[in-house]
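**Q** Using my numbering, the first residue of the sequence shown is number 144, and each one after it goes up by one.
Note that the Cβ used here is the ideal one computed from N, Cα and C, for glycine as well.
Structure below; questions to follow.
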Amino acid sequence: MFVVLLICLFLLALLCASWLYYSKYRSLIALTSDWPSGPSWPLIGHAHYFLNIAPERMFEHLRELYAKYGRENRLKFWFGTELNLFTGNVHDIAELSTSLAYNQKSEHYGVLLNWLGEGLLISKGEKWLQRRKLLTPAFHFTILKQFVEVFEQQASVLLAQLSASVNGEPLELFKPLSLYTLDVICETSMGVSIQAQTLAESDYVRAVHIMKHVTHQRLSHLFYHFDFTYRWTPLAWEERKALKTLHGFTTRIIEQRRAEQLTKPTTLSANGTAELGIKRKSNFLDILLNSEVNGEPLGNLDIREEVDTFIFEGYETTATALQFLFYNLATHAECQQRCYEELIEVFGHDPVHFEGLKNLRYIELCIKESLRLYPPVPAFARKVVKQCQLNGLTVPAGTNITVLPMYIGRLPEHFEEPDLFRPERFAAQSAGNTSNPFAFVPFSAGARNCVGQKFAMLEMKTVLVHVLRRFEFSYAGNQAPELMFGVTLCTRLPLLFHIKERSVA
Ligand code: HEM
Numbered sequence: 144m145f146v147v148l149l150i151c152l153f154l155l156a157l158l159c160a161s162w163l164y165y166s167k168y169r170s171l172i173a174l175t176s177d178w179p180s181g182p183s184w185p186l187i188g189h190a191h192y193f194l195n196i197a198p199e200r201m202f203e204h205l206r207e208l209y210a211k212y213g214r215e216n217r218l219k220f221w222f223g224t225e226l227n228l229f230t231g232n233v234h235d236i237a238e239l240s241t242s243l244a245y246n247q248k249s250e251h252y253g254v255l256l257n258w259l260g261e262g263l264l265i266s267k268g269e270k271w272l273q274r275r276k277l278l279t280p281a282f283h284f285t286i287l288k289q290f291v292e293v294f295e296q297q298a299s300v301l302l303a304q305l306s307a308s309v310n311g312e313p314l315e316l317f318k319p320l321s322l323y324t325l326d327v328i329c330e331t332s333m334g335v336s337i338q339a340q341t342l343a344e345s346d347y348v349r350a351v352h353i354m355k356h357v358t359h360q361r362l363s364h365l366f367y368h369f370d371f372t373y374r375w376t377p378l379a380w381e382e383r384k385a386l387k388t389l390h391g392f393t394t395r396i397i398e399q400r401r402a403e404q405l406t407k408p409t410t411l412s413a414n415g416t417a418e419l420g421i422k423r424k425s426n427f428l429d430i431l432l433n434s435e436v437n438g439e440p441l442g443n444l445d446i447r448e449e450v451d452t453f454i455f456e457g458y459e460t461t462a463t464a465l466q467f468l469f470y471n472l473a474t475h476a477e478c479q480q481r482c483y484e485e486l487i488e489v490f491g492h493d494p495v496h497f498e499g500l501k502n503l504r505y506i507e508l509c510i511k512e513s514l515r516l517y518p519p520v521p522a523f524a525r526k527v528v529k530q531c532q533l534n535g536l537t538v539p540a541g542t543n544i545t546v547l548p549m550y551i552g553r554l555p556e557h558f559e560e561p562d563l564f565r566p567e568r569f570a571a572q573s574a575g576n577t578s579n580p581f582a583f584v585p586f587s588a589g590a591r592n593c594v595g596q597k598f599a600m601l602e603m604k605t606v607l608v609h610v611l612r613r614f615e616f617s618y619a620g621n622q623a624p625e626l627m628f629g630v631t632l633c634t635r636l637p638l639l640f641h642i643k644e645r646s647v648a
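This is the structure in structure tokens:
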């Protein structure tokens, strides 16, 4: 009898909650009725579609949901009271990229706040606009040109690391690549070498790895997602410790550099070179220290947010892109050979230079094709603050809109035989060339696109020139990568490669 009473009470509570939920969200449901979706359950909405889906199945699962319930590459999910619109529609992406109504990032980026503060990636409104204006010139080619020397110096360390694996056990290439990109981004951001490639066990490198783990965990587990539960967990304790190291390091460098500037003011010469007593290449930190917003110099905290954002954005994204590029070249020997022939034609065995990198046309096609198939940032999302219309469909205030570059990049209406690695499709005259730029968005698009895009392209080309000039790669795995969504695109099992010295005829 008692059990029956309990069940009745439970059902009654469920009914009341459903009624409250429905009456509150009824108008939102009506407003978004034009957005296609699968059947939903009371209270949890569409969350049941994602229960028990293995992470490495998630992308295929989403493709299946799009195919089954989507229309014009749009799909709607309610997760409880949270409305999420997923769009792979190029017209939507064009509007998302160009209209200020979609300028604000979704709440999911909040898991990065402790580390990055309100740096360029997360900031919004006026603050974002001012910072973007201030930072865009830092990626001018006169500055990027100088960074090629850093890419080059660090690449010689990478070669020494790789040579230890020649003809040996298969190598998990991502590890040396990510230490390389960490060295590069720290040196170009702060003007200091952290020697991650040779001191992989240093406190700084360990702290970066911990933050990667923390961010991944917070995005994957609901329990860690909400600050009020997360802050009491051992993971939060680990994060606080890692942040002490990371913020402490960046702050020390900023203070040192500011002090140096007071005694020997830095001026950027016409070619972007900083004069600091000794001649030093410019770096993002010096540029920030010499910048003003509304006539005021930036404070240490403002600068730290931006430097940390560059490090976060520039390190793992580029290493991921390189890993998949090597995978594609290792599984397409003829493309690897063509890249080699091109780089020899442009540089021979001489050092790399900025002008030559621009002439690596085939290599650029390979990088783009690899980014299309394996975009390092697998998802980006916006929060709509004011109700608006997206190509005639209503988007209520509070909605999250998510874009998956890998979904769009593999749509047959934009790319013939989309699952094949065919670099030529990006050549201007190719028949398979997509005419719509919003179908290829590994760097996002429009106002909030990746400010470091050209930097990343130059860095990837420099690595490829150095590594392919010396080594040949083949894939040691026997199956295609099983892809998983993280902050960056990752694989269930590490990708392993055989490396051998290139035999030059
Ligand atoms: C292959 C490498 C890279 C890829 C695929 C990539 C991709 C992206 C994407 C998709 C976004 C938009 C994210 C969003 O809307 O949430 C973004 C933003 C950004 N990226 Fe990159 N990125 C790469 C390398 C870099 C590098 C090397 C830097 C710095 C040197 C950098 C700095 C930034 C910054 C600061 C933003 C925020 C821009 C803003 O909101 O105004 N990225 N990146």
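Apart from the five residues just before and just after Lys597, which ones in its own chain have a Cβ nearer than 7 angstroms to its Cβ?
**A** Stepping through the sequence shown from its first residue, residue 597 is reached at position 454. Excluding residues within five positions, the ones whose Cβ falls inside 7 angstroms are Phe282 and Leu287.
**Q** Whole angstroms are fine: how far does the CA of Leu444 sit from the CA of Leu239?
**A** Taking the sequence shown and counting its residues from 1, one reaches residue 239 at position 96. Taking the sequence shown and counting its residues from 1, one reaches residue 444 at position 301. If I take the Cα positions, the gap works out to 30 angstroms.
**Q** Out of Glu207, Ser332, Gln532 and Leu154, which one is the CA nearest neighbour of Leu174?
**A** In the sequence shown, counting from the first residue as 1, residue 174 sits at position 31. Minimum Cα distance to Leu174 is reached at Gln532.
**Q** In or out: Pro280 buried (at least 16 other Cβ within 10 Å) or exposed?
**A** Mapped onto the sequence shown, residue 280 falls at position 137. Under this definition Pro280 is an exposed residue.
**Q** Between the alpha carbons of Cys159 and Leu149, how many angstroms are there, rounded?
**A** The count along the sequence shown starts at 1 and reaches residue 159 at position 16. The count along the sequence shown starts at 1 and reaches residue 149 at position 6. When rounded, the distance between both Cα atoms is 15 angstroms.
**Q** From the DSSP secondary-structure annotation, give me the bridge partner or partners of Glu615.
**A** Numbered from its first residue, the sequence shown carries residue 615 at position 472. Answer by DSSP bridge pairing, in chain order: Lys643.
**Q** Which one of Arg565, Leu218 and Val327 has the shortest CA to CA distance from Thr542?
**A** On the sequence shown, position 399 is the one that residue 542 refers to. When only C-alpha atoms are compared, the closest one is Leu218.
**Q** Consult DSSP for Ile337 and reduce its assignment to one of helix, strand or coil.
**A** Translated into the one-based positions of the sequence shown, residue 337 becomes position 194. In the structure shown, Ile337 sits in coil (DSSP, three-state: anything other than H, G, I, E or B).
**Q** Start and end of the beta strand (DSSP E) containing Val546?
**A** In the sequence shown, residue 546 corresponds to position 403, counting from 1. Asn543 to Val546 is the extent of the beta strand (DSSP E) around Val546.
**Q** Tell me which residues share the same chain as Gln530 and place their Cβ nearer than 6 angstroms to its Cβ, disregarding the 5 neighbours each side in the sequence.
**A** For this step, residue 530 is matched to residue 387 along the sequence shown. Cβ neighbours of Gln530 beyond the five flanking positions: Pro539 and Ala540.
**Q** Applying the 10 Å Cβ sphere with the 16-neighbour rule, what's the burial state of Thr224?
**A** Counting from 1 along the sequence shown, the entry for residue 224 is found at position 81. Thr224 is exposed by the Cβ-count criterion.
**Q** How is Ala343 classed by DSSP in three states: helix, strand or coil?
**A** One-based indexing of the sequence shown puts residue 343 at position 200. If DSSP states are grouped into helix, strand and coil, Ala343 belongs with coil.
**Q** Count the other CB atoms, across all protein chains shown, that sit within 10 Å of the CB of Lys211; report buried if there are 16 or more and exposed otherwise.
**A** Reading the sequence shown from its first residue, position 68 is the one you call residue 211. Under this definition Lys211 is an exposed residue.
**Q** Specify, as a first and last residue, the run of the beta strand (DSSP E) that Lys219 falls within.
**A** Looking up residue 219 in the sequence shown gives position 76. Start and end: Arg217 to Phe222.
**Q** In the DSSP assignment, find the unbroken alpha helix (DSSP H) run with Asn227 in it and report its ends.
**A** Start at 1 with the first residue of the sequence shown, and residue 227 comes out as number 84. Segment Glu225 to Thr230 is the beta strand (DSSP E) holding Asn227; no alpha helix (DSSP H) there.
**Q** Alpha carbons only, please: which of Val546, Glu567, Tyr517 and Val309 is nearest the one belonging to His641?
**A** Looking up residue 641 in the sequence shown gives position 498. Residue Val309 is the option with its Cα nearest to His641.
**Q** In its own chain, which residues sit with a C-beta less than 6 angstroms from the C-beta of Tyr470, not counting the 5 before and 5 after it?
**A** Position 327 of the sequence shown holds residue 470. Cβ within range, chain order: Leu638.
**Q** Would you kindly work out how many angstroms separate the C-alpha atoms of Tyr588 and Ala237, rounded to a whole number?
**A** What you label residue 588 is simply residue 445 of the sequence shown in a count that begins at 1. What you label residue 237 is simply residue 94 of the sequence shown in a count that begins at 1. What sits at residue 588 in the sequence shown is Ala, not Tyr. Between Ala588 and Ala237, the C-alpha separation is close to 8 angstroms.
**Q** Within 10 angstroms of the Cβ of His204, are there 16 or more other Cβ atoms? Answer buried if so, exposed if not.
**A** Here the question's residue 204 lines up with position 61 in the sequence shown. Answer is exposed; the Cβ neighbour count stays below 16.
**Q** Taking Cβ to Cβ, would you say Pro319 is nearer than 8 angstroms to Leu305?
**A** For the purposes of this step, residue 319 is taken as residue 176 along the sequence shown, with counting starting at 1. For the purposes of this step, residue 305 is taken as residue 162 along the sequence shown, with counting starting at 1. Contact flag set, yes.
**Q** When every heavy atom of the ligand HEM is checked, does at least one fall within less than 7 angstroms of the C-beta of Val630?
**A** Indexing the sequence shown from 1 puts residue 630 at position 487. No, since every heavy atom of the ligand HEM falls outside the 7 angstroms radius drawn around the Cβ of Val630.
**Q** Hey, Pro519 and Pro585: beta-carbon distance below 8 angstroms or not?
**A** Numbered from 1 along the sequence shown, position 376 holds the residue referred to as residue 519. Numbered from 1 along the sequence shown, position 442 holds the residue referred to as residue 585. Yes; because the gap between Cβ atoms is below 8 angstroms, this pair is in contact.
**Q** Helix, strand or coil: how does DSSP classify Gly629 here?
**A** Counting from 1 along the sequence shown, the entry for residue 629 is found at position 486. Reduced to three states, the DSSP call for Gly629 is coil.
**Q** Pull the bridge partners of Thr537 from the DSSP assignment, please.
**A** On the sequence shown, residue 537 is found 394 positions in, with the first residue counted as 1. Looking at the DSSP assignment, Thr537 forms a beta bridge with Gln532.
**Q** So does Arg391 have its beta carbon nearer than 7 angstroms to some heavy atom of the ligand HEM?
**A** In the sequence shown, residue 391 corresponds to position 248, counting from 1. The question names Arg, but residue 391 is Gly in the sequence shown. It does not: the Cβ of Gly391 is nowhere closer than 7 angstroms to a heavy atom of the ligand HEM.
**Q** So, are the CB atoms of Ser180 and Phe222 less than 8 angstroms apart?
**A** Position 37 of the sequence shown, counting from 1, holds the residue named residue 180. Position 79 of the sequence shown, counting from 1, holds the residue named residue 222. Contact: no.
**Q** Below 8 angstroms, how does it come out for the segment 447–461 and the segment 476–486: are there three or more Cβ pairs, yes or no?
**A** No, they do not touch.
**Q** Use the C-beta contact count for Pro440: other C-beta atoms within 10 angstroms, 16 or more gives buried, fewer gives exposed.
**A** Here residue 440 refers to the residue found at position 297 of the sequence shown. Exposed, because fewer than 16 other Cβ atoms sit within 10 Å of the Cβ of Pro440.
**Q** Which residue wins for smallest C-alpha separation from Ile328, given the options Leu607, Leu601 and Ser646?
**A** Residue 328 sits at position 185 when you count from the first residue of the sequence shown. Of the candidates Leu607, Leu601 and Ser646, the one whose C-alpha sits nearest the C-alpha of Ile328 is Leu601.
**Q** What are the boundary residues of the alpha helix (DSSP H) that Ala402 is part of?
**A** By one-based count along the sequence shown, residue 402 stands at place 259. From DSSP, the alpha helix (DSSP H) with Ala402 extends over Pro377 to Thr406.
**Q** I'd like to know whether the C-beta atoms of His359 and Val630 end up nearer to each other than 8 angstroms.
**A** Counting from 1 along the sequence shown, the entry for residue 359 is found at position 216. Counting from 1 along the sequence shown, the entry for residue 630 is found at position 487. Contact: yes.
**Q** Flag Thr261 as yes when its Cβ comes closer than 7 angstroms to any non-hydrogen atom of the ligand HEM, and as no otherwise.
**A** In the sequence shown, counting from the first residue as 1, residue 261 sits at position 118. Checking the sequence shown, residue 261 turns out to be Glu, not Thr. For the ligand HEM, not one heavy atom lies less than 7 angstroms from the Cβ of Glu261.
**Q** Roughly how many whole angstroms lie between the Cα atoms of Phe294 and Arg361?
**A** As a first step, residue 294 is located in the sequence shown; it is residue number 151 there, counting from the start. As a first step, residue 361 is located in the sequence shown; it is residue number 218 there, counting from the start. Rounded to whole angstroms, Phe294 to Arg361 spans 32 angstroms at the Cα level.
**Q** Over what stretch of residues does the alpha helix (DSSP H) that includes His564 continue unbroken?
**A** Here residue 564 refers to the residue found at position 421 when the sequence shown is read from its first residue. The sequence given here places Phe at residue 564; His does not occur at that position. Where Phe564 is concerned, there is no enclosing alpha helix (DSSP H), given that its DSSP letter is neither H nor E.
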